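2 protein chains.
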Amino acid sequence: MNPLLAHIVDDDEAIRDALTWLLRTRNVASRTWSSAEEFLAAWQPDFHGCVVLDIRMREMSGLECFDVLLERGNNMPVIFLTGHGDVPMAVGALKKGAFDFLEKPFDDNALVDVVIRAVESDARRMASQEAQATMSSRLAQLTPREIEVMHLVLTGKFNKVIADELNISMRTVEVHRSRVFEKMGVRSAVELAQLLAPGRD
Amino acid sequence: MNPLLAHIVDDDEAIRDALTWLLRTRNVASRTWSSAEEFLAAWQPDFHGCVVLDIRMREMSGLECFDVLLERGNNMPVIFLTGHGDVPMAVGALKKGAFDFLEKPFDDNALVDVVIRAVESDARRMASQEAQATMSSRLAQLTPREIEVMHLVLTGKFNKVIADELNISMRTVEVHRSRVFEKMGVRSAVELAQLLAPGRD
DNA sequence: TTCCACACTGCGGATGACCACAATTGCTGC
DNA sequence: GCAGCAATTGTGGTCATCCGCAGTGTGGAA
């Protein structure tokens, strides 16, 4: 259903092939690109899995490619490979959010383990992001006034108080409140609060 | 009120003094130790600020010291300094949660900037941890039955339904519910949900 | 102009939440 | 045994919520 997938960006065909083969034996599919430019041209916001990125490549380097991905809002974990890395480079990459930073020659199993952790991490991210997308689409259905009322409801205020603050009648607040519950698919203010505040219990 | 504080662990007195002086000019206080052992012996769970940790020291290394801190549940950001670090060492430290990893010779201003970011980050952590501690102490005051009822209340169920599920009368549920609100310092189920689900809006 | 979404309001009733008053049972510790 | 806490239940009343029914007004789209 959700195939594990690694995006391999390296200008060395031997590395690409070796990695692809290695990952296949561990049940992870691969897509390969021979340059950062090529990968970036193909990249879409809905890409999932992880990125294995060689640092030293002709033209655009892996680090530059990473920066572009960050600008574009990429969410996939990025694993760097390098033969000539130094400490500041590794530190900088990790602090920017890279998933890992491995030096060549690397242990095959170690790399595959890292890739698997990365794709699994991405799968978890996708799952939580999906729930969030549902929320956003529901919130988008609310009228401005409904959103306003919803926020006040979420503070635990009585309808009477909300009515006073908005200078409208209690009945109107009730109507908005009811519509909010209906559109958000909940049956009480508590459920709404839980929905808008995930990760609990 | 909350003095910015750096814990400097380095067996080179010249470095300790230089760092202390540098930080003082930027309004950050320092405490210094000449070995990891000495620092660990003094360490208390309520230490705050940040740790500046040299990696190569006689006896216990900075990395070993870091591991001990992690076991003990240290929360302070740890900044590593090293003259002979390598990439795997830096990557390992950062993935374990180190705040930064700097190579000597380092730029004075850069280090001070990092330290300041670290102590500020710790101050934020302390603030949120404090709120969480308040929560925990309040939750600790609840009886088992009250906690049980609270969880059901937080699902948005009616008192009647909760009563059925626990095989008790509605009146009893009301009493527990009321005590929960009282002990948790809230006035409605929505406020309770907000309290137990921070970081929203 | 007609239709429609949105905001607004009132009335009255059913249901749920909350509370003061009052009380019983069981267990723990002095 | 008695004090104290936790859990339990009932009565009766007040306040809040929820909802159907009914209606007004406004601004934008067809």
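Sequences listed follow chains A and B, in order. If you want our numbering, it's the position in the first sequence, counting the first as 1, plus 91. If you want our numbering, it's the position in the second sequence, counting the first as 1, plus 91. Each residue gets a CB set at the ideal place from its N, CA and C atoms; glycine is no exception. It should be emphasised that the depicted structure is a prediction, and the values quoted were computed from it without experimental measurement.
(1) May I ask you to report which of helix, strand or coil DSSP gives aspartate 199 of chain B?
(2) Quick one: what does DSSP say glutamate 150 of chain A is sitting in, helix, strand or coil?
(3) If you compare alpha carbons, which of A:Asn258, A:Val271, A:Thr246 is closest to arginine 278 of chain B?
(4) Give every residue of the same chain whose Cβ lies closer than 7 Å to the Cβ of leucine 131 of chain B, excluding the five residues on either side of it in the sequence, and list them in chain order.
(5) Report the CB separation of histidine 98 of chain A from glycine 140 of chain A in whole angstroms; it is logged as a contact under 8 Å.
(6) By Cβ distance below 8 Å, which residues in the same chain neighbour methionine 226 of chain A in space, the five residues on each side in sequence not counted?
(7) What three-state label does DSSP hand arginine 278 of chain A in the structure shown?
(8) Can you tell me whether arginine 149 of chain A is buried or exposed, with buried defined as 16 or more other CB within 10 angstroms of its CB?
(9) If you count every other CB in all the chains shown that lies within 10 Å of the CB of isoleucine 253 of chain A, and 16 or more means buried, which is it?
(10) Would you mind telling me which residues of chain A sit closer than 7 Å to serine 279 of chain B, beta carbon to beta carbon, in chain order?
(11) Taking the beta strand (DSSP E) that aspartate 191 of chain B belongs to, which residues open and close that run?
(12) Below 8 Å on the Cβ atoms is my contact criterion, and I expect leucine 110 of chain B with serine 121 of chain B to pass it. Report the Cβ-Cβ distance as a whole number of Å.
(13) For proline 297 of chain B, count neighbouring C-beta atoms within 10 Å of its own C-beta (all shown protein chains included) and say buried if the count is 16 or more, exposed if not.
(14) With three or more beta-carbon pairs closer than 8 Å as the criterion, would you say the region 226-236 of chain A touches the region 258-276 of chain A?
(15) Given a cut-off of 8 Å, decide if valine 143 of chain A and valine 203 of chain A are closer than it, judged by their beta-carbon atoms.
(16) Could you check whether phenylalanine 171 of chain B and phenylalanine 138 of chain B sit closer than 8 Å to each other, using their CB atoms as the reference points?
(17) Specify the secondary structure class of tryptophan 134 of chain A as computed by DSSP and reduced to three states.
(18) Please classify threonine 246 of chain A: does DSSP put it in a helix, a strand, or coil?
(19) Tell me the DSSP secondary structure of isoleucine 259 of chain A in three-state form.
(20) Could you check if aspartate 213 of chain A is buried or exposed, using at least 16 other CB atoms within 10 Å of its CB as the buried criterion?
(21) Does DSSP classify aspartate 145 of chain A as helix, strand or coil?
(22) Which value, in whole angstroms, describes the spacing of the CA atoms of valine 264 of chain A and methionine 241 of chain B?
(23) Helix, strand or coil for glycine 290 of chain A per DSSP?
(24) Would you mind listing the alpha helix (DSSP H) stretches within the region 206-253 of chain A that are 4+ residues and don't spill past its ends, in chain order?
(25) Less than 8 Å separating the beta-carbons of valine 178 of chain B and alanine 181 of chain A?
(26) Please compile the residues from chain A whose C-beta is within a distance smaller than 8 Å of the C-beta of proline 179 of chain B.
(27) On the DSSP bridge assignment, give the partners of tryptophan 124 of chain B in chain order.
(28) Can you check whether the CB of alanine 280 of chain A is closer than 8 Å to the CB of valine 210 of chain B?
(29) Any beta carbon of chain B sitting closer than 8 Å to that of valine 182 of chain A?
(30) Histidine 267 of chain A: buried (16+ other C-beta within 10 angstroms of its C-beta) or exposed?
(31) Look at valine 119 of chain A and isoleucine 259 of chain A and say whether their C-beta atoms are less than 8 Å apart.
(32) With 8 Å set as the bound, which would you pick, yes or no: does the beta-carbon of aspartate 191 of chain B sit closer than that to a beta-carbon of chain A?
(33) Do you know how far the Cα of leucine 257 of chain B is from the Cα of aspartate 255 of chain A?
(34) What residues of chain B sit near leucine 161 of chain A, judged by a beta carbon separation below 8 Å?
(35) So, helix, strand or coil for leucine 114 of chain B, using DSSP?
(36) At a CB-CB cut-off below 8 Å, which residues of chain B make contact with glycine 176 of chain A?
In this structure, then:
(1) helix
(2) coil
(3) A:Thr246
(4) Cys156, Val159
(5) Yes, histidine 98 of chain A and glycine 140 of chain A are in contact; Cβ-Cβ is about 6 Å, under 8 Å.
(6) Leu286, Leu287
(7) Arginine 278 of chain A falls in the coil class under three-state DSSP.
(8) Flag for arginine 149 of chain A reads exposed.
(9) Burial check for isoleucine 253 of chain A: the Cβ neighbour count within 10 Å reaches 16 or more, so the residue is buried.
(10) Gly247
(11) 191-194
(12) 7 Å
(13) This structure cannot settle anything about residue 297 of chain B, because the visible part of chain B is limited to 92 through 292.
(14) yes
(15) no
(16) no
(17) In the three-state reduction of the DSSP assignment, tryptophan 134 of chain A falls in the coil class, being assigned neither a helical nor a strand state.
(18) Correct three-state label for threonine 246 of chain A: coil.
(19) Residue state, collapsed to three classes: coil.
(20) buried
(21) strand
(22) 27 Å
(23) No answer about glycine 290 of chain A holds up, because its pLDDT of 48 lies below 50 and its placement is not dependable.
(24) 235-244
(25) yes
(26) Glu194
(27) According to DSSP, which records beta bridges pairwise, tryptophan 124 of chain B is partnered with B:Val100.
(28) no
(29) yes
(30) buried
(31) no
(32) yes
(33) Taking the straight line joining both Cα atoms gives about 39 Å.
(34) Scanning chain B for C-beta atoms nearer than 8 Å to the C-beta of leucine 161 of chain A yields nothing, as the closest lies near 17 Å away.
(35) helix
(36) Here the neighbours are Val178.
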